Amino acid sequence: MEYQFREIEKKWQAAWKEKRAYAVSNESEKPKCYVLDMFPYPSGAGLHVGHPLGYIASDIYSRYKRLKGFNVLHPMGFDSFGLPAEQYAIETGQHPADTTEKNISTFKSQLDKIGFCYDWEREVRTSDPSYYKWTQWLFLQLFNSYFCNTQQKARPIADLIKKYETKGNKDFTADEWNRFSKKQQEDILMQRRLAFSSYGEVNWCEALGTVLANDEVVNGVSERGGFPVVKKKMRQWYLRITAYADRLLQGLETVNFSDAMKEMQRNWIGKSEGAEMEFEVQTTDDGSLTTDNRRPTTDRPLIIKAHRKFSVKVYTTRPDTIFGVDFLVLAPEHELVNQITSAEQKRSIDEYLTYIKSRSDRERMAEVKQITGCFTGAYAVNPFDGKLIPIWIAEYVLAGYGTGAIMAVPCGDQRDFGFAKHFNIPITNIIGSFYNGEEANPTKDATLENSGFLTGMLMKDAIGVAIDKIEEMGIGKRKKNYRMRDAGFSRQRYWGEPFPIKWIDGIAVPLDESELPLELPHVEKYGPGPEGEGPLANIPEWTANHYETSTMPGYAGSSWYFLRYMDPKNTETFCDRKASDYWNQVDVYIGGTEHAVGHLLYSRMWTKVMYDLGMIGFDEPFKKLVNQGMIQGSSRFVYRLEKIEFESEPDILPEDILGCPLFVSYKFSKQYFDDKSYSNPAMEFQEALDAIREKLKIVSKATFAFISSAIHVDVNIVNGVELNIEEFKKWKNEEFSDATFILENDKYICGVETEKMSKSKYNTVNPDDLVNKYGADTFRMYEMFLGPVEMSKPWDTKGIEGVHRFLRKLWRLFYDDLKGKVWTDEKPTDAELKVLHKTIKKIDSDTEQFSYNTAVAAFMISVNELADLKCNKKEILSQLLVLLTPYAPHIAEELWSGLGNEGSVLDADYPVFDAKYLVEATKEYPISINGKMRTMISMASDAEEAEVRPIVLANEVVQKWLEGKEPKKVIFVKGKMVNVVV
RNA sequence: GCCCAUGUGGCGGAAUUGGUAGACGCAGCAGACUCAAAAUCUGCCGUUCGCAAGGGCGUGAAGGUUCGAUUCCUUUCGUGGGCACCA
Numbered sequence: 002m003e004y005q006f007r008e009i010e011k012k013w014q015a016a017w018k019e020k021r022a023y024a025v026s027n028e029s030e031k032p033k034c035y036v037l038d039m040f041p042y043p044s045g046a047g048l049h050v051g052h053p054l055g056y057i058a059s060d061i062y063s064r065y066k067r068l069k070g071f072n073v074l075h076p077m078g079f080d081s082f083g084l085p086a087e088q089y090a091i092e093t094g095q096h097p098a099d100t101t102e103k104n105i106s107t108f109k110s111q112l113d114k115i116g117f118c119y120d121w122e123r124e125v126r127t128s129d130p131s132y133y134k135w136t137q138w139l140f141l142q143l144f145n146s147y148f149c150n151t152q153q154k155a156r157p158i159a160d161l162i163k164k165y166e167t168k169g170n171k172d173f174t175a176d177e178w179n180r181f182s183k184k185q186q187e188d189i190l191m192q193r194r195l196a197f198s199s200y201g202e203v204n205w206c207e208a209l210g211t212v213l214a215n216d217e218v219v220n221g222v223s224e225r226g227g228f229p230v231v232k233k234k235m236r237q238w239y240l241r242i243t244a245y246a247d248r249l250l251q252g253l254e255t256v257n258f259s260d261a262m263k264e265m266q267r268n269w270i271g272k273s274e275g276a277e278m279e280f281e282v283q284t285t286d287d288g289s290l291t292t293d294n295r296r297p298t299t300d301r302p303l304i305i306k307a308h309r310k311f312s313v314k315v316y317t318t319r320p321d322t323i324f325g326v327d328f329l330v331l332a333p334e335h336e337l338v339n340q341i342t343s344a345e346q347k348r349s350i351d352e353y354l355t356y357i358k359s360r361s362d363r364e365r366m367a368e369v370k371q372i373t374g375c376f377t378g379a380y381a382v383n384p385f386d387g388k389l390i391p392i393w394i395a396e397y398v399l400a401g402y403g404t405g406a407i408m409a410v411p412c413g414d415q416r417d418f419g420f421a422k423h424f425n426i427p428i429t430n431i432i433g434s435f436y437n438g439e440e441a442n443p444t445k446d447a448t449l450e451n452s453g454f455l456t457g458m459l460m461k462d463a464i465g466v467a468i469d470k471i472e473e474m475g476i477g478k479r480k481k482n483y484r485m486r487d488a489g490f491s492r493q494r495y496w497g498e499p500f501p502i503k504w505i506d507g508i509a510v511p512l513d514e515s516e517l518p519l520e521l522p523h524v525e526k527y528g529p530g531p532e533g534e535g536p537l538a539n540i541p542e543w544t545a546n547h548y549e550t551s552t553m554p555g556y557a558g559s560s561w562y563f564l565r566y567m568d569p570k571n572t573e574t575f576c577d578r579k580a581s582d583y584w585n586q587v588d589v590y591i592g593g594t595e596h597a598v599g600h601l602l603y604s605r606m607w608t609k610v611m612y613d614l615g616m617i618g619f620d621e622p623f624k625k626l627v628n629q630g631m632i633q634g635s636s637r638f639v640y641r642l643e644k645i646e647f648e649s650e651p652d653i654l655p656e657d658i659l660g661c662p663l664f665v666s667y668k669f670s671k672q673y674f675d676d677k678s679y680s681n682p683a684m685e686f687q688e689a690l691d692a693i694r695e696k697l698k699i700v701s702k703a704t705f706a707f708i709s710s711a712i713h714v715d716v717n718i719v720n721g722v723e724l725n726i727e728e729f730k731k732w733k734n735e736e737f738s739d740a741t742f743i744l745e746n747d748k749y750i751c752g753v754e755t756e757k758m759s760k761s762k763y764n765t766v767n768p769d770d771l772v773n774k775y776g777a778d779t780f781r782m783y784e785m786f787l788g789p790v791e792m793s794k795p796w797d798t799k800g801i802e803g804v805h806r807f808l809r810k811l812w813r814l815f816y817d818d819l820k821g822k823v824w825t826d827e828k829p830t831d832a833e834l835k836v837l838h839k840t841i842k843k844i845d846s847d848t849e850q851f852s853y854n855t856a857v858a859a860f861m862i863s864v865n866e867l868a869d870l871k872c873n874k875k876e877i878l879s880q881l882l883v884l885l886t887p888y889a890p891h892i893a894e895e896l897w898s899g900l901g902n903e904g905s906v907l908d909a910d911y912p913v914f915d916a917k918y919l920v921e922a923t924k925e926y927p928i929s930i931n932g933k934m935r936t937m938i939s940m941a942s943d944a945e946e947a948e949v950r951p952i953v954l955a956n957e958v959v960q961k962w963l964e965g966k967e968p969k970k971v972i973f974v975k976g977k978m979v980n981v982v983v
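Count along the first sequence from 1, then add 1; that gives the number in this note's numbering.
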């Protein structure tokens, strides 16, 4: 009886489906466990081997927890709104709903072949109206809520309205409020709503007539077409996530995420403490701007003007350096720029602003080596010593962060320093010898000099003193700041949730709950609407109703989906409170680090809002987070000779002579054609040269040079690094059917590089093929065997054979190909029990800790040892099968029933580890001399140092190393090792 | 640029968290079985010196702490991911 994995897997998948083996109930006596994978986007390319990595890990954990007696929720669904489907629609005219539907069914059938234990009855899709009805509903809850600063939580906006009606606030009285127009009231409320509308900048591409994503903009032009892209202000929806900044930080203390992940989120939130303060802009007596740049002197003291016409508000974390401020820098977008620019500087400033319009934020942050900026001609006055400070604008100051203006202290900040040097701005040193004139020193430990009332203080002590003084003088205040911005929540796109909002007379009017869902209308064309609005603006019926024309972003539906799985069919509410109370937080959430800050922060915020409004009973969605690494592609290259230059006749392709493309094997390519530069032609070489000459039938005297260029070749037609030449000739519709090759050792060897897995690199491997060839169980175990789940690693199909051999070897413990059944009911020996219990211990702890690669190794060791012991005993093998079930459920179920066990192995009793089988009387101690292992000595496990020492010193190897001398020291670690120091 | 992760044989990786570096698997080499192949089994397999016994070197690089460092510290280089409209 052979291991017929195809039949076995088909049989049990059908049986489990028929028995609804994976259906999960919300009512159970058992403790609950919620295991969740990150929501997949059903891309048209289907699954590649990188996708299932996390799914297999969570599946193993779910099955393990089930065996351990938990009621496990392990659902799957699709984040089916998104840009790629829309892009595809624009290109092919197919409706996103149709392509999405098709993609999902491909995805599902691929997933099913791998044998996951999803409860498909709970599947959700974000693009399904019955789902996005609740996304819209939740948006309205956000819209109708505000963040109460006193209680630090979300409350209904009605509470705020009531307060305004009865008490007013610091800016207006109740009477004033009640006299405000509806529009005025709404504008004020909009400043507090958790989902609110405001103006923000987008990447506008005039030529394409559309708004572009950041990654669609490269070097200031559109990725498609290369058209110029500029910043444009547009009305946008936002979520007030900044209100939750502190709670999102505090919440991190309560969840089990990796330190790296928490650190990333903290950095993203970017909390800093410092001060906000105002610098007056120097003006003449009549209040107009002056361009007098002479510094005040004792005989010509500065007259500080009383006109508070212009002032620049800066945010700084280092108010202690106030006397070291040599210039101010405004973000180019800063509203003061136009007002304070002097007549002489107007032209330069305008030119600079034009340049800035073409720069993305990303570029502005990344290219710090390239220092740009422009002087406005205006000066500010240092409020402490009256010094005049030139005001510049520069791209390294971002409008969205802090106040959009900084005070520059070149001796303490490297970017300010570089800027000062570049534009020859004199630098004031306030930290004495801590500043060397070569680079800035951001220390807080220096003693301040030239710093007025702060002189002589340690910088870190001066921070507080400076802020107190600033507050006392009434020119600024202590301030916390966050780098995080409010989350942009509109997209000028079609394929997303419509906003349940009508715009009437400039007021955003929410739809009534009864009008939900507001369904996405069918369209024929997906092009942008007028003025960069979304495609919905092209639909007369839509605009006639005054509906909002943008749609929600991808993270809208994914911010709360984990709740819908708990109660997916509910038509009354998004999720029944009883269901969310039972399932509660997600116990284990598995997904990639690419979602570290986006999705995870948004869903954490939504959860907090829902908790504040009493809709759910917990305020962190994910108790534990496991980050899976990426599976990288392992690309293969062939090297095509592209140009042959003769002394007389340059630039001939080999094809011109040969009539066919010519490929050289890796070694020759690297040795002779590696230089990419055509001006430095490849060297001559004998071996390959002769071969090529022969191929090219060129007279031997000709002088020529080549360049080889690396071409991605489909990894599926390469065996390891050896190209399958026959397959290659058939590849790409026989594009290379007539190719010739220069081989090494009769083989064509390909180049190898690790890159992102993608279709365009021909390095994707389809799990379907592997499941067909080796079976789902082999595939699952091989993915886990590759390495730790959290680590990124390149995919290489080669090793899968080893795992498959392991499963066949396991099979042979039960059945022989010729003899049939070999398992017996005999009583196990101590040695066999020892192997079993060693395995139970290892597998149990490895599975709990997601250390699946070592668990697979432990299974292999176990089967190797049982085979060596010729152990075919049911008592041992049954327990081993239960351990294996989470990893390889099909073969486990087949063998389990073959042994005549009752019921399904999916719900068997998990083996219990018993330490008594592992007790050893003696221990092989490694003996080191000066820390280097020299020999082994077998000694009693419970021996103490006094007994061990004479045995060790008497050993002949130790004697040899001692050379008759007394050891300096003997270190004995019981149960571990002995080290003799000579 | 900033933030995070990571670097160990030809390859994927292991190492009880400061205690035998290279488990397990792939690839490779030699052998058994076979008419042959597949499958299976046995042995070798970091590098270097040596007939051998045995020794030197070795966890990206350079320092340091320690009886002992893949593990801790400092500096440095390479690679991967994220940086707000890809999801």
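All C-beta atoms, glycine included, are put in the ideal place defined by N, C-alpha and C.
Predicted model, so just to flag it, every value in this text is computed and none were measured.
Secondary structure of Asp120 (DSSP, three-state): coil. Look at His713 here: in three-state DSSP terms it is strand.
When only Cα atoms are considered, Asp817 and Cys751 end up about 41 Å apart.
By the 16-neighbour rule on beta-carbons within 10 angstroms, Val313 is buried. Only exposed fits Met937, as fewer than 16 other CB atoms lie within 10 angstroms of its CB. Counting the other CB atoms within 10 Å of its CB gives Ala15 a total below 16, which places it among the exposed residues. For Thr101, the enclosing alpha helix (DSSP H) begins and ends at Pro97 to Lys114. Contact check for Pro662 against Ala740 passes: the beta carbons are separated by less than 7 Å. Trp205 is bridged by DSSP to Val212 and Val231. Per the coordinates, the alpha-carbon of Trp796 lies some 33 Å from the alpha-carbon of Trp561.
With contacts defined as CB atoms closer than 7 Å, Ala447 and Ile432 qualify as a contacting pair. Within the same chain, Ser939, Met940, Ala941 and Ser942 come within 7 Å of Thr923 by CB-CB distance, once the 5 residues on both sides are set aside. Non-local beta-carbon contacts of Phe914 in its own chain, meaning distances under 8 Å to residues more than five positions away in sequence, involve His838, Ile841, Lys842 and Asp845 in chain order.
By a beta-carbon distance limit of 8 Å, Asn482 contacts Ser273. Their separation comes to about 5 Å. DSSP, read as helix, strand or coil, puts Ser636 in strand.
Beta-bridge annotation (DSSP): Phe742 is paired with Phe664. If you draw a 10 Å sphere on the C-beta of Tyr89, you find 16 or more other C-beta atoms in it, and that means buried.
Per DSSP, the continuous beta strand (DSSP E) segment holding Arg935 begins and ends at Lys933 to Ala941. Gly630 and Gly489 have their C-alpha atoms roughly 28 Å apart. Boundaries of the alpha helix (DSSP H) harbouring Asp160: Ile158 to Thr167, taken from the DSSP string.
In the DSSP annotation of this structure, the continuous segment of the alpha helix (DSSP H) that includes Met782 starts and ends at Ala777 to Phe786.
The closest CA to that of Tyr495, considering only Pro968, Lys470, Pro522 and Lys503, is found on Pro522. Judged by their CB atoms, Asn854 and Gly800 are not nearer to each other than the 7 Å cut-off. By the C-beta density criterion, Leu190 is buried, having at least 16 other C-beta atoms within 10 angstroms. Taking the Cα positions, Asn725 is about 36 Å away from Thr101. By the Cβ rule, the region 202-218 does not count as touching the region 573-588, because fewer than three pairs are nearer than 8 Å.
Closest by C-alpha distance to Ser635, out of Asp260, Met758, Gly533 and Met606, is Met758.
Between Arg486 and Trp205, the alpha-carbon positions lie close to 20 Å from each other. In the displayed model, Asp847 falls within a helix according to three-state DSSP. Spatial neighbours of Thr243 in its own chain (CB-CB distance under 8 Å, excluding positions within 5 residues in sequence) are listed in chain order as Tyr483, Met485, Arg486 and Asp487. In this structure, DSSP gives Ile892 a helical state, which the three-state scheme calls helix. Here Ile390 is bridged, per DSSP, to Ala381. For Gly965, the closest of Arg641, Ile972, Val823 and Val983 by C-alpha to C-alpha distance is Val983.
Contact annotation: Glu277 and Gly477 have beta-carbon atoms nearer than 7 Å.
Taking all protein chains in view, the Cβ of Gln880 is crowded by 16 or more other Cβ atoms within 10 Å, so the residue is classified as buried.
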